[in-house]
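Just so you know, the protein sequences line up as chains R and W, in that order. My numbering puts the first residue of the first sequence at 162, with every later residue one more than the last. My numbering puts the first residue of the second sequence at 5, with every later residue one more than the last.
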Amino acid sequence: MREITYREALREGLREEMQRDERVFLLGEDIAEFGGSYKVTQGLLEEFGPDRIRNTPISEAAIAGVSLGAALLGMRPVAEYMYIDFTTIGMDQIVNQIAKVRYMFGGKAKASLVIRTQGGAGRSSAPQHAQSLEAWFCHVPGLKVVMPSTPYDVKGLIKACIRDDDPIIFIEHKLLYNEKGPVPDEEYLIPIGKADIKRQGKDVTIVATSRMVIRALNAAEKLAQDGIEAELIDPMTLVPLDEKAILQSVEKTGRLVIVQEACKRAGYGAEIAAVVAEKALYDLDAPIIRVAALNTPVPFAPILEDFVIPDEQAIIKGVKELLEYNK
Amino acid sequence: MLSKEKLIDLYHKMKLIRLFEEKAVELFYKGLLPGFIHSSIGQEAVSVGACSALKDDDYIISTHRGHGDIIAKGARVDRMMAELFGKETGYCRGKGGSMHIADLDLGILGATGIVGSGLPIINGAALACLLQRNDRVCVCFFGDGASNTGSFHEALNLAAIWNLPSIFVCHNNLYAESTPQASHQKVKDISIRAEGYGIPGVTVDGNDVLAVYESVYQAVERARRSEGATLVECKTYRFLGHYVGDPGTSYRKKEEVEEWKKKDPLVILRKKLVAMGIATDEKLKGIDDRIRREIEEAVIFAQNSKDPQPEEALEDVYLDKYIP
């Protein structure tokens, strides 16, 4: 199978959906001639023209608001927020409007739209360009939240999200865009709400999201050298969560490590831990461990940033701690 | 010049709003309505003047003080009343309430309770009209308070650069909740802000329904000619407080309220219609009586309607089978 980057796979997904459905259009800051800050939309202006590839001013309330208004009239907007940190300016529209209209208007309105954005640390982007804010969106009923980690997943999921009738927050990671992986030539979709088992194992379950999937996979390979077989689950969709996949794995392994790049406190990992504690406490042979960023803003200096964000060693350490129980 | 029928229709709609609002206030004080309501009594000419300049398939977005705008765009008062009661037969099946009545079939894209938030959304509707080449236009109502939000700035700028068929109609009732306009902005006429975005802005007497109609009609025509957005500021006044229960007297002098009541938009129009020979006093009284009955029937409809089933709270969050 051919290998392409996460960025290319994502662009292919967007392009295919725009070719398939003329209601789909893209809007965002610097996405047209410039191709987007992370070059995801490069070349699409030439193919689809300025009506469907629309630069917006730096007006982040307007980006989500316009998307909603267009969706109410049956269009299928895909908005790009250059950084997830910038969605804070659009939060009224995302939280109070987009997430609510269907419910608030008694089921008559649809907000079928996708908000694409990217988060995460690892490039010394400093406190306002490196956050992992996925938990904020997961807390708002009405939104679905998708967070793919591989080129294959990002393509299949963006296509499914554009076709979905609910509003979706689609969270990419700035350090994944250059990651390569196998992507088939033929069309495929990945269902929203389904987890993927990235690695099979019997000793411990690791649930990781976004870039942490890559780190957890590397950690699992190293653990295997010590005879520890970790099972790695990537939920891919955070809302709705594929609880079954996680619970089945925990039933098998009896141990759970949750890895997230966001800071630990009130992060999405806490939700996963709570689900397992509520529904599978007696399957557990040890406490649940969360490997997460420290509860600080993301610092600038590489040495500080590396200290705050969990790495492979932190994951390995977490797993080994867990295996100490019941020995 | 508007036809005789259209002029009488303006009166009819304004009176319908007035009596609906008065009834809602009465019901609220009797403790029959949950939540809170914001009355638009005194501002009827803005709602009716603007919506009467639209076609049925044009779109509006309104605000928390939206009963008037929504009735003016054609909503049924019985289903509105049912929504105020939180009933199953209400426009939003009891999930929105007074502040959030929508009917997409009537071009009412909703009403939002976050001040200023409708302004960016109307641009999306307007963009869809452009992309769908359907020749429709979109009106967003908002108040003077909203003109100080970031959303106002972002929306007017975007409508200007994208040349959208958006018409921004300001109910300038001179108070942002309790704060008088002079304390919340340095400019007297909000319409001059349009110049900063490169679109036309006009100020009209918001208690003169014909003046509002004429200004909005011009803006609608411009938008349909693909000449872009307009800001129409209508100076008006709310006779009651910010919400029902607020007497509106701690921040407004009694004399000021009385002065404005002399400029009651319904009285002005009524006098005009009689003087122009469009309708006799008797004919207008007949209209009033019919509307009074319609409102009474709306209340009966609402009160006789079923409450939603509690489990319906789980519906309409997501479109697929996923239940939160």
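Here a beta-carbon is modelled for each residue, glycine too, at the ideal position from N, C-alpha and C. These numbers were taken from a predicted model, which means no experiment stands behind them.
- Uninterrupted beta strand (DSSP E) stretches at least 3 residues long and entirely within the stretch 143–209 of chain W occur at 170–176 and 205–209, given in chain order.
- For the pair G230(R) and P124(W), the CB atoms are nearer than the 9 Å cut-off.
- Per DSSP, Y15(W) is not a residue of any beta strand (DSSP E); the alpha helix (DSSP H) it occupies stretches across K8 to Y33.
- Here DSSP, grouped into helix, strand and coil, assigns I291(W) to helix.
- Look at G226(R): its C-beta is under 9 Å from a C-beta on chain W.
- Within its own chain, the residues whose Cβ lies closer than 6 Å to the Cβ of L318(R), once the five positions on either side in sequence are excluded, are V307, P309 and I351, listed in chain order.
- Taking a contact to require three or more Cβ pairs closer than 8 Å, the stretch 64–82 of chain W and the stretch 274–284 of chain W do not qualify as touching.
- Following the DSSP letters along the chain, one finds G101(W) in no alpha helix (DSSP H), marked with neither H nor E.
- DSSP, read as helix, strand or coil, puts G342(R) in strand.
- Nearest neighbour of C238(W) by Cα position, chosen from K34(W), S7(W) and A49(W), turns out to be A49(W).
- Rounded to the nearest angstrom, the gap between the Cα atoms of A270(R) and L233(R) is 6 Å.
- At a cut-off of 9 Å between beta carbons, N257(R) contacts chain W.
- In this structure, the alpha-carbon of L6(W) lies about 14 Å from that of V220(W).
- DSSP places I259(R) within a helical segment (H, G or I) once states are collapsed to three.
- Along the stretch 380–406 of chain R, going in chain order, the ones with a CB nearer than 8 Å to a CB of chain W are P401.
- Residues of the same chain with a CB within less than 8 Å of the CB of K10(W), apart from the 5 flanking positions on each side, are S56 in chain order.
- Scanning the stretch 62–139 of chain W for uninterrupted beta strand (DSSP E) segments of 3 residues or longer gives 63–67 and 112–116, listed from N- to C-terminal end.
- From the listed residues A130(W), L14(W) and K19(W), the smallest Cα separation to D293(W) is found for K19(W).
- Shown here, V315(R) sits in a helix according to DSSP, grouped into three states.
- Runs of alpha helix (DSSP H) with 4 or more residues, each lying fully within the stretch 203–286 of chain W, are found at 213–228, 258–265 and 269–279, listed in chain order.
- Per DSSP, the continuous alpha helix (DSSP H) segment holding Y429(R) begins and ends at Y429 to A441.
- The way I'd put it, the stretch 332–340 of chain R does touch the stretch 270–280 of chain R; three or more beta-carbon pairs between them come closer than 8 Å.
- Under the Cβ criterion of 9 Å, Y244(R) is not counted among the residues facing chain W.
- The beta carbon of G114(W) is closer than 7 Å to those of I65, H104 and A106 in its chain, skipping five residues each way along the sequence.
- The Cβ atoms of G281(R) and S371(R) sit closer than 9 Å to each other.
- Restricted to the stretch 244–301 of chain R, the beta strand (DSSP E) segments that are unbroken, complete and at least 3 residues in length are 275–280, listed in chain order.
- For secondary structure counted as the beta strand (DSSP E) over 3 or more consecutive residues, the stretch 169–246 of chain R holds these complete runs in sequence order: 185–189, 214–216 and 237–242.
- When C-beta distances to chain W are compared with 8 Å, the residues of the stretch 299–329 of chain R below that value are P302, G303, K305, D325, D326 and D327, in chain order.
- In the three-state scheme derived from DSSP, where H, G and I count as helix and E and B as strand, L399(R) is classed as strand.
- Counting only the Cα atoms, L31(W) lies some 43 Å from Q136(W).
- Counting only residues of its own chain and dropping the five nearest sequence neighbours on each side, V81(W) has a CB closer than 7 Å to the CB of L20, F24, I75, E298, I299 and A302.
- Secondary structure note for T414(R): its alpha helix (DSSP H) is the uninterrupted segment E404 to T414.
- Check the Cα spacing between E316(W) and each of K481(R), G267(R) and M397(R): the tightest is with G267(R).
- Residues K271 and S273 of the same chain have their beta carbon placed closer than 8 Å to that of D326(R), with the five preceding and five following residues left out of the count.
- Rounded to whole angstroms, the separation of the alpha carbons of S293(R) and F461(R) is 15 Å.
- When DSSP reads this structure, V306(R) sits in a beta bridge with I330(R) and V400(R).
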